[in-house]
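The block underneath contains the structure these notes are about, expressed in structure tokens.
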Amino acid sequence: MRIDRQIDGMDIAELKAELETLHSASFGWALSCCRRDRAEAEEVLQTVYLKIFEGKARFRGDSSLKTWLFAVIRKTAIGEHRKNLLRRLRWSDPAEQAAKQVSAADEPGQAFEKSETQALFQTALKTLPRRQREALHLVFYQDLSLSEAADVMGISIGSARQHYERGKKRLRESLGQTEVAYGIGWRKENPGAV
Amino acid sequence: MELVGEKRIQALFSELRLADEQMIPSFAGVWNRAQAQTFRPQRAFNLSFLAATALLVCALAALALWSRQWQRNHDALVSVPPVPTAGPAQVAAATKGPEPTRWEQRRSSSKSRALRLAARRRALLVAADRKAAHEARTLASWESPTATLLDSSSDELLKSLPQLSQTVDELKSFLPSSPK
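Chains as they are written, first to last, in our numbering: chain A, 1 to 194; chain B, 1 to 180.
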């Protein structure tokens, strides 16, 4: 299907090319916003592209395309999460939900996350409050500056810095604790090794 | 000692990114699906919108009915003439007349109900007026029980002033009595 229309002065083909270069980063961010649920992340990304295509989300050039796109992804993910929660509350069968969760955990792409360190890291990350997790992800994973992260999260740079610092501290603490616990457990299991 | 430094966090996030890169869906696939969704015909109506509209219509209808009813009652109260006392001649005339139809009966019964209502309301108003008048009279005639204690024999003297046209003898009455 050929599309020869423009979105806010930007040619759709041009925008598509830009989005394609940002696709992997966008997916990573969507994954983080969807609590590592691959299917939900994909759905969110699709909704975001749809919003852009329909002109519901418009890039006005106030910030970089990346931060704007990330902000749209974040908002969409929050909205989708809310919708899914409502849907689950209304229709869901608990047994079906449990089966879904099990199948999601058994996806082949998530096999990597079962490695010890990553599993610990993922658990520690999940215990962080959303804003702190977002700040850490944007800075460490996406290599954004704090000011860009603040733009994405829709907060002031001061707040972003606070979330970032607190998140880092909490992550360090919980990782330290789990690693110490893991070490103690390992030494107990293998007394002859030390 | 800091077990997990900033570099450690950075390394963990890099590892995570590498893992995520293996499960990225193709851009073309996601984009095409989004595009296909754009051209999908929209649902003719939104369920929640429909429910809200129905609710609004119901509320408007109820309001209209209520206001109509209220208006009718109000009109009946305002236009009701004073209750006529039916004399024997009138009663006889009424009994002699043609048989009233069902519609007329219903109409006359509703009319008499309105008349009764108006008469009752008028009686209540009159009773309230009477009560208010009685209370006003009681209040006006009220006197303090200790008011008599304030009376004295020199009240007249203190409350009146000597007049210019009075004689010397009369004026002397205002002077304190001196021993003779």
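Each residue gets a CB set at the ideal place from its N, CA and C atoms; glycine is no exception.
query                                                                                                                                                                                                         : result
In whole angstroms, give me the CA-to-CA distance for residue 38 (chain B) and residue 44 (chain A).                                                                                                          : 15 Å
Below 8 Å on the Cβ atoms is my guess for residue 133 (chain A) versus residue 120 (chain A); work out the distance and round it to an integer in Å.                                                          : No, residue 133 (chain A) and residue 120 (chain A) are not in contact; Cβ-Cβ is about 15 Å, not under 8 Å.
When you compare the CB positions of residue 150 (chain A) and residue 77 (chain A), do they come within less than 8 Å of one another, or not?                                                                : no
So residue 37 (chain B) contacts chain A; which residues on that side make the cut at Cβ distance below 8 Å?                                                                                                  : 46 and 50
Which residues, taken in chain order from the segment 11-23 of chain A, show a beta carbon closer than 8 Å to some beta carbon of chain B?                                                                    : 16, 19, 20 and 23
For the alpha helix (DSSP H) that contains residue 141 (chain A), what are its first and last residues?                                                                                                       : Where residue 141 (chain A) is concerned, there is no enclosing alpha helix (DSSP H), given that its DSSP letter is neither H nor E.
Indicate whether at least one CB of chain A lies closer than 8 Å to the CB of residue 3 (chain B).                                                                                                            : Summary for residue 3 (chain B): the model assigns pLDDT 47, below 50, so the residue's position carries little reliability; its value from the coordinates is reported in the next sentence. So yes, residue 3 (chain B) belongs to the interface.
Does the beta-carbon of residue 138 (chain A) have 16 or more other beta-carbons within 10 angstroms, so that it is buried, or is it exposed?                                                                 : buried
Starting from the beta carbon of residue 31 (chain A), find every residue of chain B whose beta carbon is closer than 8 Å, and list them in chain order.                                                      : 20
Please check if any C-beta of chain B sits within less than 8 Å of the C-beta of residue 164 (chain A).                                                                                                       : no
Output, in chain order, the set of chain A residues within a Cβ distance shorter than 8 Å of residue 27 (chain B).                                                                                            : 19, 20 and 23
Where do the ends of the alpha helix (DSSP H) carrying residue 116 (chain A) lie?                                                                                                                             : 116-127
Go ahead and pull the three-state DSSP assignment for residue 151 (chain B).                                                                                                                                  : coil
What would DSSP say about residue 20 (chain B), mapped onto helix, strand or coil?                                                                                                                            : helix
If the cut is a Cβ gap below 7 Å, which residues of chain B does residue 28 (chain A) touch?                                                                                                                  : 17 and 20
With burial defined as no fewer than 16 other Cβ atoms inside 10 Å of the residue's Cβ, what is the status of residue 109 (chain A): buried or exposed?                                                       : Caution is warranted here: a pLDDT of 49 is assigned to residue 109 (chain A), below 50, making its placement in the model unreliable, and no coordinate value can be reported.
Closer than 6 Å by C-beta to residue 46 (chain B): which residues in its own chain qualify, once you throw out the five before and the five after it? Chain order, please.                                    : none
In its own chain, which residues sit with a C-beta less than 8 Å from the C-beta of residue 22 (chain A), not counting the 5 before and 5 after it?                                                           : 65, 66 and 69
State the DSSP-derived secondary structure class of residue 37 (chain A), mapped to helix, strand or coil.                                                                                                    : coil
Are the C-beta atoms of residue 171 (chain A) and some chain B residue less than 8 Å apart?                                                                                                                   : yes
Within 10 angstroms of the Cβ of residue 134 (chain B), are there 16 or more other Cβ atoms? Answer buried if so, exposed if not.                                                                             : exposed
Where do the N-terminal and C-terminal ends of the alpha helix (DSSP H) with residue 27 (chain B) fall, by residue?                                                                                           : 27-38
What is the rounded straight-line gap between the Cα of residue 122 (chain A) and the Cα of residue 131 (chain A)?                                                                                            : 16 Å
Could you check whether the segment 107-120 of chain B touches the segment 64-77 of chain B, counting it as contact only if at least three pairs of C-beta atoms, one from each stretch, sit closer than 8 Å? : yes
Going by the CB atoms, is the gap between residue 46 (chain A) and residue 33 (chain B) shorter than 8 Å?                                                                                                     : yes
In angstroms, rounded to a whole number, what distance separates the CA positions of residue 113 (chain A) and residue 135 (chain A)?                                                                         : At residue 113 (chain A) the pLDDT is 47, less than 50, meaning the model places this residue with poor confidence; the figure from the coordinates comes in the next sentence. Straight-line Cα distance between these residues: approximately 21 Å.
Let me check understanding here. Comparing Cα to Cα, which of A:32, A:49 and A:38 lies closest to residue 16 (chain A)?                                                                                       : A:49
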